[in-house]
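I have placed the structure first, in the form of structure tokens, so that the comments after it can refer back to it.
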Amino acid sequence: MAKFVIAGRADCPYYAKTELVADYLQKNLPDFRIHKITQRPEVWEDWLKDVCEKNKWSHKNSPIIWRELLDRGGKGLLLGGYNEFLEHAQLYYDVTSSMTTELMMVIAQENLEAHIEKEQEEEALKTCINPLQVWITSEWVKREFVAILKNLTTTGRQFGGILAAHSIATTLKYWYHGSPPGEIISLGILSEGQFGIPKGIVFSMPVKFENGTWVVLTDLKDIEISEQIMTRMTSDLIQEKLVALGDKIHFQPYQSDTPRINTLHPSIQSNWHLVLTITIRKR
Numbered sequence: 001m002a003k004f005v006i007a008g009r010a011d012c013p014y015y016a017k018t019e020l021v022a023d024y025l026q027k028n029l030p031d032f033r034i035h036k037i038t039q040r041p042e043v044w045e046d047w048l049k050d051v052c053e054k055n056k057w058s059h060k061n062s063p064i065i066w067r068e069l070l071d072r073g074g075k076g077l078l079l080g081g082y083n084e085f086l087e088h089a090q091l092y093y094d095v096t097s098s099m100t101t102e103l104m105m106v107i108a109q110e111n112l113e114a115h116i117e118k119e120q121e122e123e124a125l126k127t128c129i130n131p132l133q134v135w136i137t138s139e140w141v142k143r144e145f146v147a148i149l150k151n152l153t154t155t156g157r158q159f160g161g162i163l164a165a166h167s168i169a170t171t172l173k174y175w176y177h178g179s180p181p182g183e184i185i186s187l188g189i190l191s192e193g194q195f196g197i198p199k200g201i202v203f204s205m206p207v208k209f210e211n212g213t214w215v216v217l218t219d220l221k222d223i224e225i226s227e228q229i230m231t232r233m234t235s236d237l238i239q240e241k242l243v244a245l246g247d248k249i250h251f252q253p254y255q256s257d258t259p260r261i262n263t264l265h266p267s268i269q270s271n272w273h274l275v276l277t278i279t280i281r282k283r
């Protein structure tokens, strides 16, 4: 792709003609791109001098055109001025211009007026901005946050949204970086038969995170759940799954001869893959 930078004095007629030829090439050639830089007459010479010194070029007139080599990080290759660009357009693209001197002068004057108007609009926009000076400190956390948290705590209310957000953030943190040594995380995962739990249901199991995944801790010695309780929980989970999938209309809790013990089990989610519930305890 050919990308040319065309810079010139706002009132320069040769810049105006070069600009129109470049616009025509960009409109009709898919791989021809231009970037225009317009400077006011009073700052043009200083600006041109700085550009030439920076790139080690020698050029004194308006306009100045260079080609940016995109495959070399945008390094500029000087093409020249008005004559060199028109010669390049004729040789490579068979494009010429028959613009009269009078029309060039008219367009140059319009360019100058448009450039001055644009600068005035930009200055007017700057005057509309009233920036605020902001200091980021921990004073709010030390004072107001503590008081607000204390007032909320005294109400006895529980804010489930914060707990859920903390659970999700902790899960993602451990998932990427691994869980701390010695900590057991209770995570709802799809059973593969661990602890005698039927395959295909989501159940909360003790895990640890390492190497970007989780590992079920099946070698723990302090886990003792009776077969009756396990059967009741897994049966209810299977019932809920069937109801959620539409394979069963009514939920029928598991019935047994022994008294029912209140136990908690994870809620079944529609995707049956991952329940982001976190309970952390020391091993």
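In full-length UniProt numbering, the protein residues as written are 1 to 283. The beta carbon of each residue, even a glycine, is placed where N, CA and C say it ideally should be. Just so we're clear, the structure is a prediction, and the values are computed from it rather than from any experiment.
Cβ neighbour criterion (16 or more within 10 Å) applied to residue i
i	result
residue 88	buried
residue 4	buried
residue 65	buried
residue 9	buried
residue 181	exposed
residue 132	exposed
residue 111	buried
residue 253	exposed
residue 164	exposed
residue 232	buried
Rounded C-alpha distance that separates residue i from residue j
i	j	result
residue 203	residue 189	6 Å
residue 220	residue 134	53 Å
residue 78	residue 129	39 Å
residue 86	residue 21	8 Å
residue 101	residue 58	27 Å
residue 141	residue 149	10 Å
residue 54	residue 28	33 Å
residue 147	residue 153	10 Å
residue 36	residue 136	40 Å
residue 321	residue 200	In the structure as shown, the chain begins at 1 and stops at 283. Residue 321 is therefore absent and cannot be evaluated.
residue 93	residue 116	33 Å
residue 251	residue 236	8 Å
residue 51	residue 179	55 Å
residue 122	residue 105	26 Å
residue 242	residue 228	21 Å
residue 126	residue 120	10 Å
residue 91	residue 118	35 Å
Cβ-Cβ distance between residue i and residue j below 8 Å
i	j	result
residue 11	residue 41	yes
residue 238	residue 208	no
residue 205	residue 216	yes
residue 234	residue 198	yes
residue 39	residue 33	no
residue 2	residue 108	no
residue 14	residue 82	yes
For residue i, three-class secondary structure by DSSP
i	result
residue 59	coil
residue 153	helix
residue 215	strand
residue 30	coil
residue 230	helix
Integer Cβ distance of residue i from residue j, believed to fall under 8 Å
i	j	result
residue 63	residue 18	5 Å
residue 68	residue 80	With 8 Å as the limit, residue 68 and residue 80 do not qualify as a contact, their Cβ atoms being about 15 Å apart.
residue 230	residue 196	6 Å
Test: residue i CB closer than 8 Å to a CB of chain C
i	result
residue 251	Absent here is chain C; the protein component of the structure consists of one chain.
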